[in-house]
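Numbering (mature numbering (1 follows the signal peptide of the UniProt record, and there is no 0)) for the sequence shown: -24 to -1, 1 to 602. C-beta: ideal position from N, C-alpha, C; glycine also. Structure, as structure tokens:
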Amino acid sequence: MIKTTISKIAFVTTLVVSSTYSFAQNEQPNILWIITDDHRPDSVQAYNRATTGKSESALGYVSSPNIDKLAAEGVMFTRAYNNSPACGPSRTSMHTGRYPFRNGKYAWEHTHQEADFTRPAVSQSLRDAGYNTAIIGKHHHGISEKLGEPSTIFDFALEYNRDLHRAGLGGLYSTGSHGLTDGVLLRQDATETVFYPDGTKKQYVLSKADRNLSAEEEAIKTSVEDEFDILRAYTRINTGLILGGVNPQPADKTVDALIVEEFENHLANASQSYTTLAGKKVNGPDASKPVFVNLGFHLPHTPVLPPKSYRDKFKDQPYKLPEFSAEEVGSFPTQLQQIYNESKTDGMTEQDKLQAVRDYYAFTAFGDALIGEAVDAFKAYSAKQNREYLIVFTVGDHGWHLGEQGMMAKFGPWKQSLNGAVIVVSSDKKTYPAGKVVDELVEYVDLAPTLLAGANIDIRTAQYDYLDGVDLASIAKDEGFSREYILGEMNLVSGHRAYLRTENFAFSMRTRDRREPATTPYLNDDITWALTAHPLKVDLALYDLRVDPLERQNVAYTVEYLKLAEWFRQKLGRIVLGDGRVEMDWNTVNNYNISNFADGADDKKINIPNDLIPQPGVTNPQRFNL
């Protein structure tokens, strides 16, 4: 249902991609698109009030006055789901408006646009429409126009690692080589550098690929951990991850605060050159053009290091830790066990778990203040230009577990990895009226058409028929589109896995019988394997959300649910494997294959035969001996 001012959208039998003009036909608003990283929507009080009636999350206290204010100014979509629970493929799906199985990026591949199946990214279409485009902060879209060349899909690009951390700015920065360890991508030879407020720094060895740290190296690392109360993920495979601690810098000198400062400097120097914080000479936006800025925050991604001024507000807050038992892992198929084993934190002490939760929510509260500052600067710039504005805030490129499923991570097919929120605010309230809450299912592929339509681009034309999503304005205005499921896929940690979620069920499955990136000549080979292989080999997972909303008992291999799991296997598999699936060898210019054996399978409908749906309330279903 849609709360506040909208009623239930009726299901339509065809996919409608509509474009609702938010402004006068010839007017183009300034557009700000904010993306945070690993951001749980339950860190936002407005989201919690809309979904549960309480300001607190299920775990406890959160603080978000600025995001709450932003939500009150526009429309908040509370059931927004990413299309891949990892930074790279999630952001690529947002920038392209295409599902991973249609844009060909399933992991951290660096993609390019020389292949003839590719289409322009949002920024390129907006540039062609007259916008001055910029991306500031975290990028991680991994899209270049040419194979082997740096990305130029924005007019201006400032990246937080390259242009801040490597210039000695921010609080704590790690760097090093990467390699696969037990199938998991880890830093092997790695160092960390602490930047102190007085301008000094301390660099030390974090890990070595071929040996343990020496006693001296370990002592230096331990001294830094003690100094900043650093909590590492000591029960995960990647033990170097920082799940909690205090930032070495004051709030205004952290890397995220500097991202906002760079954003403000960019806007303050329209039509003139200026110098970045790292000393680079650059040009500000063309004042005669509308601007499109993608502002990417690092937080609350690891290292989770809120500044002391925010951490102190949370250090004594009580929190309820998520429930978890070893029986849950016992119901995981092999792939989910691999995800759990890579990311498990259930073996941490209760005090360490509480620190991780407190520091995470302190970090999101700090982010809230920075978002408020950035929004105010953007509104002031638009007022100075006498131009309308559109603000789109993606609450997390994906989510983050804080103990649910026994993990502190993303990468899973569960709600905490997949569920985010989207807030859209316009200076013109006709399309996005203040204070509206929408809880229809929306997907991150909807962001590209929303941004394009918001710029008064008619996305109904054939030029934009590649878009997999819809303009969120059409959902907010009840223009006849509704989807009955969300879906996605990725190939990280445990190999190719796709997921599909409906109102009542959450399903996921292995889609390929290997985990390596697509390469010539194995593009879409044996593509129906996941539809015909023995069910145990496909690692099915099914959760009945009617009785198990926290997704604690996989029932895919039980007598009661076996036929329903098979129905979902065919439904999801035919979509992601046979309805326009692209596998591309990104080390080549144009070697790819498109699988269309089930063209049209993605019909947005869930018509499950009634006799396949068990009655709700089965708490201890009998497992089927396959």
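(message) Suppose the cutoff is 7 angstroms on Cβ atoms and the five residues either side in sequence are ignored; what does the same chain contact list for HIS277 look like?
(response) Residue 277 sits at position 301 when you count from the first residue of the sequence shown. Within the same chain, HIS277 has close Cβ partners ASP13, ASP14.
(request) Could you tell me whether the Cβ atoms of VAL333 and LEU35 are closer together than 8 angstroms? (result) Here residue 333 refers to the residue found at position 357 when the sequence shown is read from its first residue. Here residue 35 refers to the residue found at position 59 when the sequence shown is read from its first residue. The answer is yes: Cβ separation under 8 angstroms.
(request) Tell me whether LEU102 counts as near the ligand GTP, meaning its Cβ is closer than 7 angstroms to at least one heavy atom of that ligand. (result) Questions concerning the ligand GTP fall outside what the structure shown contains, since it holds no ligand whatsoever.
(message) Is there a Cβ of chain B sitting closer than 8 angstroms to that of ASP174, yes or no?
(response) This model lacks chain B altogether, as it is built from one protein chain only.
(request) Identify every residue that forms a DSSP beta bridge with ILE462. (result) Taking the first residue of the sequence shown as position 1, residue 462 is located at position 486. Looking at the DSSP assignment, ILE462 forms a beta bridge with ARG477.
(request) Below 8 angstroms CB to CB, which residues in the same chain sit around LEU499 once its five sequence neighbours on both sides are set aside? (result) Numbered from 1 along the sequence shown, position 523 holds the residue referred to as residue 499. Only GLU559, MET560, ASP561, ASN567, TYR568, ASN569 meet the Cβ criterion.
(request) Determine the contact status of GLY372 and ARG16, defining contact as a CB-CB distance below 8 angstroms. (result) Taking the first residue of the sequence shown as 1, we reach residue 372 at position 396. Taking the first residue of the sequence shown as 1, we reach residue 16 at position 40. Yes, Cβ-Cβ distance for GLY372 and ARG16 is below 8 angstroms.
(request) Tell me whether GLY255 is buried or exposed, calling it buried when 16 or more other Cβ atoms sit within 10 Å of its Cβ. (result) Taking the sequence shown and counting its residues from 1, one reaches residue 255 at position 279. Under this definition GLY255 is an exposed residue.
(message) Taking its Cβ as the centre, do 16 or more other Cβ atoms sit within 10 Å of LEU512, making it buried, or is it exposed?
(response) Along the sequence shown, read from residue 1 onward, the residue named residue 512 stands at position 536. The residue is exposed, with fewer than 16 neighbouring Cβ atoms inside 10 Å.
(request) Ignoring anything shorter than 3 residues or poking outside the region 220 to 259, list the beta strand (DSSP E) runs there in chain order. (result) 249 to 251, 257 to 259
(message) I'd like to confirm the pairing. Which residues does DSSP put opposite HIS88 in its beta bridges?
(response) Counting from one through the sequence shown, the residue named residue 88 turns up at place 112. Beta-bridge pairing links HIS88 to SER120.
(request) Report the rounded CA-to-CA distance for ALA385 versus SER470, giving the unit in angstroms. (result) Locating residue 385 in the sequence shown gives position 409, counting from the first residue. Locating residue 470 in the sequence shown gives position 494, counting from the first residue. Approximately 14 angstroms, taken between the alpha carbons.
(request) For TYR295, count neighbouring C-beta atoms within 10 Å of its own C-beta (all shown protein chains included) and say buried if the count is 16 or more, exposed if not. (result) Position 319 of the sequence shown holds residue 295. With 16 or more Cβ atoms within 10 Å of its Cβ, TYR295 is classed as buried.
(request) Out of ILE7, ALA110, PHE53, GLU3, state which residue places its alpha-carbon closest to the alpha-carbon of ASN24. (result) If you number the sequence shown from 1, residue 24 lands on position 48. Here the closest residue by C-alpha is PHE53.
(message) Let's see if you can read the secondary structure: which residues bound the alpha helix (DSSP H) around PHE290?
(response) Counting from 1 along the sequence shown, the entry for residue 290 is found at position 314. Note, PHE290: alpha helix (DSSP H), 284 to 290.
(message) Going by the DSSP bridge assignment, what does THR169 pair with across the sheet?
(response) Sequence index remark: in the sequence shown, residue 169 carries index 193 (1-based). Looking at the DSSP assignment, THR169 forms a beta bridge with TYR149, GLN179.
(request) Run the CB neighbour count on ARG242, radius 10 Å, all protein chains shown included, and call it buried at 16 or more, exposed below. (result) Taking the sequence shown and counting its residues from 1, one reaches residue 242 at position 266. Here residue 242 is His; the residue named in the question, Arg, does not match the sequence. When all chains shown are included, HIS242 counts as buried.
(message) Between ASP524, PHE544, THR495, which has its C-alpha nearest ALA506's C-alpha?
(response) Taking the sequence shown and counting its residues from 1, the one referred to as residue 506 is at position 530. Checked all of ASP524, PHE544, THR495; the closest Cα to ALA506 is PHE544.
(request) Would you list the one or two residues that DSSP bridges to ARG486? (result) One-based indexing of the sequence shown puts residue 486 at position 510. According to DSSP, ARG486 bridges with ARG473.
(request) Report buried or exposed for ARG490, applying the criterion of at least 16 other Cβ atoms within 10 angstroms of its Cβ. (result) Translated into positions along the sequence shown, residue 490 becomes position 514. Exposed, because fewer than 16 other Cβ atoms sit within 10 Å of the Cβ of ARG490.
(message) Nearest by alpha-carbon distance to SER571: which of GLY80, GLN331, GLY456 is it?
(response) Taking the sequence shown and counting its residues from 1, the one referred to as residue 571 is at position 595. Checked all of GLY80, GLN331, GLY456; the closest Cα to SER571 is GLY80.
(request) Measure the CB-CB distance between GLY216 and LEU182 and report whether it falls below 8 angstroms. (result) The residue labelled residue 216 in the question sits at position 240 within the sequence shown. The residue labelled residue 182 in the question sits at position 206 within the sequence shown. Against a cut-off of 8 angstroms, the Cβ pair of LEU182 and GLY216 comes out as a contact.
(request) Could you please give the first and the last residue of the uninterrupted alpha helix (DSSP H) stretch that includes residue 610? (result) The chain is shown from -24 up to 602; residue 610 falls before or after that span and cannot be answered.
(request) State yes or no: is the C-beta of ASP447 within less than 8 angstroms of the C-beta of ALA429? (result) Position 471 of the sequence shown holds residue 447. Position 453 of the sequence shown holds residue 429. Yes, the pair counts as a contact, with Cβ atoms nearer than the cut-off.
(request) Determine the burial state of TYR172: buried for a count of at least 16 other Cβ atoms within 10 Å of its Cβ, exposed for fewer. (result) For the purposes of this step, residue 172 is taken as residue 196 along the sequence shown, with counting starting at 1. So TYR172 ends up on the exposed side.
(request) Tell me whether PRO5 is buried or exposed, calling it buried when 16 or more other Cβ atoms sit within 10 Å of its Cβ. (result) As a working note, residue 5 is residue 29 in the sequence shown. With 16 or more Cβ atoms within 10 Å of its Cβ, PRO5 is classed as buried.
(message) Once the 5 residues before and after ILE196 are set aside, which same chain residues still bring their CB inside 7 angstroms of it?
(response) As a first step, residue 196 must be located in the sequence shown, where it is residue number 220. Taken in chain order, the residues that qualify are TYR180.
(message) Between which residues of its own chain and TYR136 is the CB-CB distance below 7 angstroms, once the five residues before and five after are set aside?
(response) As a working note, residue 136 is residue 160 in the sequence shown. For TYR136, where only same-chain residues beyond five positions count, the Cβ hits under 7 angstroms are GLY113, LYS114, VAL231, ILE235, HIS274.
(message) As an exercise, report each continuous alpha helix (DSSP H) stretch of at least 4 residues that is fully enclosed by the region 499 to 576, in chain order.
(response) 505 to 508, 538 to 554
(request) Quick one: using the 10 Å Cβ neighbour count with 16 as the cut-off for buried, is ARG138 buried or exposed? (result) Counting from 1 along the sequence shown, the entry for residue 138 is found at position 162. So ARG138 counts as exposed.
(request) For LEU123, collect the residues of the same chain with a Cβ closer than 6 angstroms to its Cβ; drop the 5 residues on either side in sequence, then sort them by chain order. (result) For the purposes of this step, residue 123 is identified with residue 147 of the sequence shown, where counting begins at 1. Correct list, in chain order: HIS88, GLU90, VAL565.
(request) Check whether the Cβ atoms of GLU465 and PHE77 lie closer than 8 angstroms to each other. (result) Taking the sequence shown and counting its residues from 1, the one referred to as residue 465 is at position 489. Taking the sequence shown and counting its residues from 1, the one referred to as residue 77 is at position 101. Result yes, Cβ atoms of GLU465 and PHE77 sit closer than 8 angstroms.
(message) Going by DSSP in three states, GLY113 sits in which element: helix, strand or coil?
(response) Taking the first residue of the sequence shown as 1, we reach residue 113 at position 137. Strand.
(request) Just confirm the distance between the C-beta atoms of GLY147 and LEU443, as a whole number of angstroms; I'd bet it's less than 8 angstroms. (result) In the sequence shown, residue 147 corresponds to position 171, counting from 1. In the sequence shown, residue 443 corresponds to position 467, counting from 1. About 39 angstroms separates the two Cβ atoms, so there is no contact after all.
(message) Count Cβ pairs between the region 393 to 408 and the region 368 to 383 that sit closer than 8 angstroms; are there 3 or more?
(response) yes
(request) Look up THR54 in the DSSP assignment and say whether it is helix, strand or coil. (result) Working through the sequence shown from its first residue, we reach residue 54 at position 78. Here THR54 sits in strand by DSSP.
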